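Peer 1:
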Amino acid sequence: ETGVTQTPRHLVMGMTNKKSLKCEQHLGHNAMYWYKQSAKKPLELMFVYSLEERVENNSVPSRFSPECPNSSHLFLHLHTLQPEDSALYLCASSQDRRISYNEQFFGPGTRLTVL
Amino acid sequence: AQRVTQPEKLLSVFKGAPVELKCNYSYSGSPELFWYVQYSRQRLQLLLRHISRESIKGFTADLNKGETSFHLKKPFAQEEDSAMYYCALPYSSASKIIFGSGTRLSIRP
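Just so you know, the protein sequences line up as chains A and B, in that order.
For what it's worth, my numbering labels the leading residue of the first sequence as 263, then goes sequentially.
For what it's worth, my numbering labels the leading residue of the second sequence as 1125, then goes sequentially.
Listed below in structure tokens is the structure:
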């Protein structure tokens, strides 16, 4: 598959569960991103990875834990989430981390519901 | 503080009418702004960016530093333009970006 893929597309979890979101990009890009899109707030950048190194962490609670094992894969590990964490989680990638110059390519998102 | 404001949640115009989607920003430096679009059942994708000075699908956007605006315009709307439009501002370090809350554009036949 081409572009940016995300699995699962839908996830329902309890507050005590541990789950992981997966993102894979097939574009040869060096930077990857996690965003949160909730119903009542604008799209929020959560984490930025450049060449597998985390370069930005925008005050995200520790119950969200990212992992980037290589430049093609990005994970978001979830544990002890709250109902307000229910949202669409988008992954994106770009050629490099200079957002001002590079187009970001987005995945389809994972719709997360926390019960 | 950096901020992006899209004052209209919904904009509805007739096919063939001009379209203007408003975006205002707050940024102390020299901004580089983007417009992203999400069509129904499709992914969020880049429409155009200030740095490229380009016209995509008939849309243009001019940076007005005096009014701190980056409005998206199209002279004649088409039904396929119906979508959600987001204005975005990269800022501070190279890897930060904030998005506006988005405007849903609906084109009536």
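Where is the CB? At the ideal position from N, CA and C, for every residue including glycine.
All of these numbers come straight from a predicted model, not from anything done at the bench.
Would you mind telling me which residues of chain B sit closer than 9 Å to A/Q357, beta carbon to beta carbon, in chain order?
Peer 2: One-based indexing of the first sequence puts residue 357 of chain A at position 95. Result: empty, since nearest Cβ-Cβ is about 12 Å, beyond 9 Å.
Peer 1: Where do the ends of the beta strand (DSSP E) carrying A/V274 lie?
Peer 2: Counting from one through the first sequence, the residue named residue 274 of chain A turns up at place 12. Where A/V274 is concerned, the enclosing beta strand (DSSP E) stretches over 272-275.
Peer 1: Considering A/H341, what are the terminal residues of the beta strand (DSSP E) in which it resides?
Peer 2: On the first sequence, position 79 is the one that residue 341 of chain A refers to. That run of the beta strand (DSSP E) goes 335-341.
Peer 1: Output needed for B/M1208: all residues of its chain with C-beta closer than 6 Å, excluding positions within five of it in sequence on either side, in chain order.
Peer 2: Position 84 of the second sequence, counted from the start, is the residue given in the question as residue 1208 of chain B. So the list reads Q1162, G1226, R1228, once near-sequence residues are dropped.
Peer 1: Between B/I1221 and A/L307, which are expected to be in contact by the criterion C-beta below 8 Å, what is the C-beta distance as a whole number of angstroms?
Peer 2: Sequence index remark: in the second sequence, residue 1221 of chain B carries index 97 (1-based). Sequence index remark: in the first sequence, residue 307 of chain A carries index 45 (1-based). Taking a contact as a CB-CB distance under 8 Å, the pair B/I1221 and A/L307 counts as one, their CB atoms being some 6 Å apart.
Peer 1: Taking C-beta to C-beta, are B/I1180 and B/A1201 nearer than 7 Å?
Peer 2: Along the second sequence, read from residue 1 onward, the residue named residue 1180 of chain B stands at position 56. Along the second sequence, read from residue 1 onward, the residue named residue 1201 of chain B stands at position 77. Not in contact: B/I1180 and B/A1201 (Cβ atoms no closer than 7 Å).
Peer 1: Identify whether B/I1175 lies in helix, strand or coil by the three-state DSSP scheme.
Peer 2: Looking up residue 1175 of chain B in the second sequence gives position 51. In this structure, DSSP gives B/I1175 a helical state, which the three-state scheme calls helix.
Peer 1: Between the region 1166-1177 of chain B and chain A, which residues of the former have CB atoms less than 8 Å from a CB of the latter, in chain order?
Peer 2: So the list reads R1167, L1168, Q1169, L1170, R1173, I1175, given in the order they occur along the chain.
Peer 1: Going by the DSSP bridge assignment, what does B/L1170 pair with across the sheet?
Peer 2: Against the second sequence, residue 1170 of chain B aligns to sequence position 46. Per DSSP, B/Y1160.
Peer 1: Identify every run of the beta strand (DSSP E) within the region 290-346 of chain A, keeping only runs that are complete inside it and at least 3 residues long; order them along the chain.
Peer 2: Those beta strand (DSSP E) runs which fall completely within the region 290-346 of chain A and span 3+ residues are 293-299, 306-312, 315-319, 326-332, 335-341.
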